[in-house]
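Numbering (the working numbering), first residue to last: 18 to 161.
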Amino acid sequence: MAPTTQAVQTFGKKKTATAVAHAKEGRGLIHINGQPIKLLRPEILRFKVYEPILVAGEDAFSAIDIRLRVKGGGHTSQVYAIRQAIAKAVVAYYAKYFDAASALELKKKLVAYDRTLLIADPRRAEPKKFGGHGARARRQKSYR
């Protein structure tokens, strides 16, 4: 039997976008849908994806390779799902294969910066109802 590799699988969600991160021992590579993280579009949102890496410190990611698959939602939702999956993956990897103290320290750093890096946003779009154009808007009433 082949030697088992150290790996964890986590996910991040935002609205209808879902990102699945597969973290394993490696040399610090991060790929999103088969492409390196530096090619992520749009460029403005690329910095949002770098946030967990910059907050946790690049040395925390130096021994981990992360592969991400993302689908659903729009550009912004996908980027928020990706950053959440990356943050959760590094914390889970440290908790499983290093010590719990370093994982807790990483977790505290990430939550202090932005809570949505580890905790999903439960808000969803409200479904449209009859009698109007949207979830809450109603047709205007006219007396004449």
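Backbone N, C-alpha and C define an ideal beta-carbon position, used for all residues, glycine too.
All of these numbers come straight from a predicted model, not from anything done at the bench.
Of all the beta strand (DSSP E) runs that stay within the bounds of the region 64–133, which reach a length of 3 or more residues? 81–88
Those runs of the beta strand (DSSP E) which lie wholly inside the region 30–66 and span at least 3 residues: 34–42 and 47–49
What's the C-alpha gap between residue 65 and residue 97? 7 Å
Should residue 84 go down as buried or exposed, given a rule of 16 or more other Cβ atoms within 10 Å for buried? buried
Excluding five sequence neighbours on each side, which residues of the same chain lie with their C-beta closer than 8 Å to the C-beta of residue 50? 85, 86 and 87
Return helix, strand or coil for residue 24, following the three-state DSSP convention. strand
Taking 8 Å as the cut-off, decide whether the C-beta atoms of residue 38 and residue 103 are in contact. yes
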